[in-house]
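Protein chains in written order, with my numbering: chain A, 22 to 396; chain B, 39 to 209. Have a look at the structure below, then the notes.
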Amino acid sequence: MNFTSITARLRTGILLLAALLTFTAVNADASTPRLAAYGADIRHTSVSGLSSGAFMASQLYVAFSHIMVGAGIVAGGPYLCAKSWSLNTLMFNATTTCMHPLVKGVGPNTPLLVKLAAGLAESGRIDSLDNLKDDKIYLFSGKNDRTVTTTVVDQTYAFFRAVGVPEASMKYDRSVDAGHAFVTNNDADSQCPVTKPPFVNDCDFEQSTVILNQIYPDIKPPAKHLSSEIQAFDQSEFVDSDTISMSHTAYVYVPAACQTRKSCRIHVALHGCKQGAAVIGDKYYGQTGYNKMAEANDLIMLYPQVQPSAASPLNPQGCWDFWGYSSPNDPDPDFFSHNAPQLRAIYKMITRLAEPRSDLAKSTRESHHDVYNLK
Amino acid sequence: MTSTTSNDSIDPNLADAIKHWSEYSAESARNALILFEAITPLKDALQVGDQVVEAMKQTNWRPVTTKLGDPAAFSDACKELAEIQMAALSKWYEGYLQYLKTTQQSSEQLGTALRGVGSPQQALAAYLEASLAIMKQYQADTSKQASSISEIQAAYKAWFQKTLQNFSWKS
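Below, the structure is given as structure tokens:
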């Protein structure tokens with residue numbers, strides 16, 4: 022056999038393999054089911070998140086406050102934080118002022134942010150800020166967090182106070198020696214004071230439990246077991262922009278009772294940078310304790326996903342958009358209102374869950390049943 | 039018949055060291071592209087312009103001229119500026135100390151890397167690994183220093199706007 026023939030055979034083999042891989046990938050995408058409707062109780066929705074997920078949680082919470090009853094902000098700054106100082110670009114503000122400002126006085130510009138938020142509410146681009154007044158909010162800043170410092174989270178507290186949320190409705194915890202991380206009570210996670218991937222730390226309490234306890238009255242302790250599987254669903258049907266950086270697949274946990282008979286409330290949990298399923302698998306959506314709380318309290322857990330993108334949009338760490346990267350060509354990008362690309366995608370997912378149950382839900386349940394065997 | 043390749047004569051440690059350098063180069067190239075992508079001067083200028091106009095709408099300029107003569111208001115602004123200066127100096131000093139520390143550690147690392155090596159290839163591998171570790175440490179220092187410079191720059195601009203904001207009437 023001569024060299025040319027070996028090369029030709031190799032080339033054919035590679036082409037066949039590539040075609041097979043392409044087919045498998047396309048087929049895998051096509052097989053991800055649609056998000057089903059479960060007749061959820063949309064008027065008692067809540068949201069929480071860590072870091073960029075916390076900034077995003079603030080945005081979702083304030084923009085769509087008419088369906089919200091509370092929020093959990095772990096190491097996140099105030100709504101519109103990237104608009105704090107006009108002489109800095111949004112990205113510059115997001116990565117300095119909104120994370121670790123040089124001194125306290127040049128942290129987030131809360132008085133201006135409150136004015137801007139009021140203007141947005143007045144123009145109808147976000148819901149009325151009055152909706153926030155009877156809500157419950159949880160805030161957390163680790164003592165060892167050098168990524169988003171306590172100075173910044175203090176301003177999140179100040180923002181919510183300024184828009185009328187009573188002090189008694191807020192729980193702000195600054196007492197834990199935690200690094201920049203979501204907190205669990207799992208020995209297998211990173212030690213409490215460190216800041217390192219996957220940014221889930223063992224600090225001897227379940228933060229998900231504390232968050233949901235703060236938001237919803239009469240909450241029950243977490244269940245021992247889950248009654249159904251975590252479901253992957255096709256997130257791309259909710260995305261209407263090429264530069265949004267959201268993954269093809271996202272995740273939802275629907276307890277058995279919520280699948281068949283009850284109208285359950287929804288909690289949206291937003292991961293931080295470098296924490297999407299594309300980077301850390303099920304660590305956030307499967308191992309932070311939310312699902313067992315959902316099981317015990319008839320909650321539907323929704324886990325939208327963002328993935329890293331090296332260019333257009335520039336989001337190399339897979340963060341949620343709180344400075345406008347999802348509108349890369351717009352000098353005045355919308356990342357904060359009803360019409361912001363990522364916010365409207367998540368809102369569409371929430372409304373889908375709240376639609377009346379249909380055959381789609383039934384067929385999705387059946388197709389998931391054998392495919393997934395997650396915690 | 040057995041075939042031989044040139045890899046047979048390469049020490050595994052040296053092959054690893056070359057691989058690590060190659061990965062580092064690829065990662066550096068990726069980071070350079072990301073940095074290049076982040077530089078958008080025209081968009082930034084438009085963005086800042088829009089934001090300044092938006093902030094000016096929130097500012098009443100009339101009292102600014104009178105409050106500039108108010109010693110108390112002026113003193114508060116100066117205090118904040120001094121605080122920023124001190125913090126900036128402290129950051130610079132921190133960065134300088136870190137560079138010194140890295141330099142000292144580098145000479146120690148290079149000195150110890152070649153101890154106990156049994157062949158020229160192992161010596162080269164040890165040298166490459168040590169110099170890569172040093173390079174990465176200098177890069178981490180530089181990155182931290184760049185982040186500090188950004189913080190300082192953002193702080194001065196914020197102070198300027200905050201001072202104007204405090205001198206103006208709330209609209």
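Positions of the beta carbon are idealized from the N, C-alpha and C atoms, including for glycine. All values reported here derive from a predicted model rather than from experimental measurement.
1. Note down, in chain order, every chain A residue with its Cβ under 9 Å from the Cβ of residue 205(B).
2. Could you name the residues of the segment 159-190 of chain B whose beta carbon sits closer than 9 Å to any beta carbon of chain A, in the order they occur along the chain?
3. Helix, strand or coil: how does DSSP classify residue 107(B) here?
4. Is the CB of residue 197(B) under 9 Å away from at least one CB in chain A?
5. If I measure Cβ to Cβ from residue 160(B) and keep anything under 8 Å in the same chain, skipping five residues before and after, which residues do I get?
6. Counting pairs of beta carbons, one from the segment 117-125 of chain B and one from the segment 372-379 of chain A, are three or more of them closer than 8 Å?
7. From the DSSP output, in three-state form, read off residue 241(A) for me.
8. Quick one: Cα of residue 164(A) to Cα of residue 154(B), how far?
9. Could you check the C-alpha separation between residue 74(A) and residue 59(B) for me, to the nearest Å?
10. Does residue 106(A) get closer than 9 Å to chain B when you measure Cβ to Cβ?
11. Run the CB neighbour count on residue 42(A), radius 10 Å, all protein chains shown included, and call it buried at 16 or more, exposed below.
12. Taking Cβ positions, are residue 123(A) and residue 129(B) nearer each other than 9 Å?
13. Should the segment 313-320 of chain A be regarded as contacting the segment 245-252 of chain A, the criterion being three or more beta carbon pairs within less than 8 Å?
14. Let me know the secondary structure DSSP gives residue 292(A) once reduced to three states.
15. Please state if the CB of residue 257(A) and the CB of residue 299(A) are separated by a distance shorter than 9 Å.
16. Between the beta-carbon of residue 141(A) and the beta-carbon of residue 358(A), is there less than 9 Å?
17. So residue 183(B) and residue 353(A) are in contact, right, with Cβ under 8 Å, and what is the actual spacing, rounded?
18. Count Cβ pairs between the segment 321-335 of chain A and the segment 277-291 of chain A that sit closer than 8 Å; are there 3 or more?
19. So what's residue 158(A) in DSSP terms, helix, strand or just coil?
20. Can you pull the DSSP bridge partners for residue 62(A)?
21. Please classify residue 346(A): does DSSP put it in a helix, a strand, or coil?
So, to answer that:
1. By Cβ distance, chain A contributes nothing, its closest Cβ being about 14 Å from residue 205(B), past 9 Å.
2. 185, 186, 188, 189 and 190
3. coil
4. yes
5. 49, 51 and 52
6. no
7. coil
8. 44 Å
9. 35 Å
10. yes
11. Note that residue 42(A) has pLDDT 39, beneath the 50 cutoff, so the model's placement of it is unreliable and the number below is only indicative. So residue 42(A) ends up on the exposed side.
12. yes
13. yes
14. coil
15. no
16. yes
17. So it is not a contact: roughly 32 Å between Cβ atoms.
18. yes
19. strand
20. 286(A)
21. coil
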